[in-house]
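Student:
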């Protein structure tokens, strides 16, 4: 059983197109995240949702729009794709605690290539 | 704001040798510390974490790490590596504000561990 799944695994598209990446978790967690891993393997958080509410929004171009229809899903829509958007995008989930930290579980990643 | 520095981008080592991957962090608030491993073309898997208590934490696959608050370090060690340990390793910190936990992970640049036969 896959805990955090992402679709598609690979995405190749032309500059200027609009694309979406989907993420689903079956762990019952209430918090989900999107991370971007660039070509140098540097990982950086983009967004986080808790109970469908945006709680972390790093400096990301507004061409990127996350959408959380429910606690188990967090999708990432990207408008007007640019070459620099090529990266691996990871989804993660956790259960937001009170005073304690809860482990983030990562999906397998979506490799986006913009031509 | 917090940051993480992994001091070695690549560490080659022979099988059965010991290894240490170095990680230093900076933060103005209390943090939690983590090591993740990424095998080729796969997602990230948690190796171990330091939340509180004993400064020596043990993780999966025989790895351990020691939290040193005075040196703001969290180095990862394994006494004897295997070929299968070849992967990229990421050190990360998470901010922790008392009463809330935002869980935002800040990662280091990664260290590629290559184990040679």
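Residue numbers (the numbering used here), protein chains in the order written: chain A, 265 to 379; chain B, 401 to 517.
We treat Cβ as the ideally placed atom computed from N, Cα and C, and that holds for glycine.
Note that the structure is predicted; figures quoted are calculated from it, not measured.
Residues of chain A with a CB under 9 Å from the CB of residue 458/B: which are they?
Tutor: Working through the second chain from its first residue, we reach residue 458/B at position 58. Near residue 458/B there are no residues of chain A at all, since even the closest Cβ is about 16 Å away, more than 9 Å.
Student: Within 10 angstroms of the Cβ of residue 455/B, are there 16 or more other Cβ atoms? Answer buried if so, exposed if not.
Tutor: Against the second chain, residue 455/B aligns to sequence position 55. Flag for residue 455/B reads exposed.
Student: Taking Cβ-Cβ distances shorter than 7 Å, what residues in chain B pair up with residue 370/A?
Tutor: For the purposes of this step, residue 370/A is taken as residue 106 along the first chain, with counting starting at 1. Going along chain B in sequence order, the residues near residue 370/A (Cβ under 7 Å) are 443 and 444.
Student: With H, G and I counted as helix, E and B as strand and the rest as coil, what does DSSP make of residue 461/B?
Tutor: The residue given as residue 461/B occupies position 61 in the second chain. Helix at residue 461/B.
Student: Cβ of residue 487/B within 8 Å of Cβ of residue 434/B?
Tutor: Position 87 of the second chain, counted from the start, is the residue given in the question as residue 487/B. Position 34 of the second chain, counted from the start, is the residue given in the question as residue 434/B. No.
Student: Taking a Cβ distance cut-off of 8 Å, strictly less, list which residues of the region 302 to 317 of chain A are near chain B, in chain order.
Tutor: If the cut-off is 8 Å between Cβ atoms, the region 302 to 317 of chain A has 304, 305, 306, 307, 308, 309 and 312 near chain B.
Student: Are residue 329/A and residue 337/A closer than 8 Å when you measure CB to CB?
Tutor: For the purposes of this step, residue 329/A is identified with residue 65 of the first chain, where counting begins at 1. For the purposes of this step, residue 337/A is identified with residue 73 of the first chain, where counting begins at 1. No, these two residues do not count as a Cβ contact at 8 Å.
Student: Measuring CA to CA, which of 346/A, 349/A, 268/A and 306/A is closest to residue 297/A?
Tutor: One-based indexing of the first chain puts residue 297/A at position 33. When only C-alpha atoms are compared, the closest one is 268/A.
Student: Mind pulling the chain A residues with CB within less than 8 Å of residue 509/B?
Tutor: As a first step, residue 509/B is located in the second chain; it is residue number 109 there, counting from the start. Result: 304, 305 and 306.
Student: Roughly how many whole angstroms lie between the Cα atoms of residue 331/A and residue 321/A?
Tutor: For the purposes of this step, residue 331/A is identified with residue 67 of the first chain, where counting begins at 1. For the purposes of this step, residue 321/A is identified with residue 57 of the first chain, where counting begins at 1. Cα to Cα, the separation comes out at about 12 Å.
Student: In the DSSP output, what is residue 349/A paired with across the bridge?
Tutor: Here residue 349/A refers to the residue found at position 85 when the first chain is read from its first residue. According to DSSP, residue 349/A bridges with nothing at all.
Student: Strictly below 7 Å CB to CB, what residues from chain A border residue 421/B?
Tutor: Taking the first residue of the second chain as position 1, residue 421/B is located at position 21. Within 7 Å Cβ-Cβ: nothing; residue 421/B doesn't reach chain A, min ~14 Å.
Student: Grab me the residues of residue 368/A's own chain with a C-beta within less than 6 Å of its C-beta, minus the 5 sequence neighbours each way, in chain order.
Tutor: For the purposes of this step, residue 368/A is taken as the residue at position 104 of the first chain. 356 and 358.
Student: On the three-pair Cβ rule with 8 Å, is the region 439 to 448 of chain B touching the region 404 to 412 of chain B?
Tutor: Because the criterion of three Cβ pairs below 8 Å is not met, the region 439 to 448 of chain B and the region 404 to 412 of chain B do not touch.
Student: Once the 5 residues before and after residue 373/A are set aside, which same chain residues still bring their CB inside 6 Å of it?
Tutor: As a first step, residue 373/A must be located in the first chain, where it is residue number 109. Answer for residue 373/A: 352 and 354, listed in chain order.
Student: Nearest chain A C-beta to residue 449/B closer than 8 Å, yes or no?
Tutor: Here residue 449/B is taken as the residue at index 49 of the second chain, counted from 1. Yes - at least one Cβ of chain A is within 8 Å of the one on residue 449/B.
Student: Can we say the region 479 to 486 of chain B touches the region 425 to 433 of chain B, given the rule of at least three CB pairs closer than 8 Å?
Tutor: No contact exists between the region 479 to 486 of chain B and the region 425 to 433 of chain B.
Student: When you check each C-beta in the region 320 to 347 of chain A against every C-beta of chain B, which residues fall closer than 7 Å?
Tutor: Here the close residues are 320.
Student: Any beta carbon of chain B sitting closer than 8 Å to that of residue 367/A?
Tutor: Here residue 367/A refers to the residue found at position 103 of the first chain. Chain B contact via Cβ: present.
Student: Could you tell me which chain E residues have their CB closer than 7 Å to the CB of residue 373/A, listed as they occur along the chain?
Tutor: Within the model displayed, chain E is absent; protein chains A and B are what it includes.
Student: Using a cut-off of 9 Å between C-beta atoms, extract the partners of residue 505/B located in chain A.
Tutor: The residue you call residue 505/B lines up with position 105 of the second chain. The answer, in chain order, is 297, 299, 307, 309, 356 and 368.
Student: Who are the near neighbours of residue 413/B in its chain, counting only those whose CB is closer than 8 Å to its CB and skipping five residues on each side?
Tutor: Walking along the second chain from the start, residue 413/B turns up at place 13. Only 419, 481, 513, 514, 515 and 516 meet the Cβ criterion.
Student: Using a Cβ-Cβ cut-off of 6 Å (strictly less than) and excluding sequence neighbours within five positions of residue 347/A, which residues of its own chain qualify?
Tutor: Indexing the first chain from 1 puts residue 347/A at position 83. 378, listed in sequence order.
Student: Leaving out the 5 sequence neighbours to the left and right, which residues in its chain are closer than 7 Å to residue 349/A when beta-carbon positions are compared?
Tutor: Looking up residue 349/A in the first chain gives position 85. Only 342, 376 and 378 meet the Cβ criterion.
Student: Should residue 439/B be labelled buried (16 or more other beta-carbon atoms within 10 Å of its own) or exposed?
Tutor: Taking the first residue of the second chain as position 1, residue 439/B is located at position 39. The residue is exposed, with fewer than 16 neighbouring Cβ atoms inside 10 Å.
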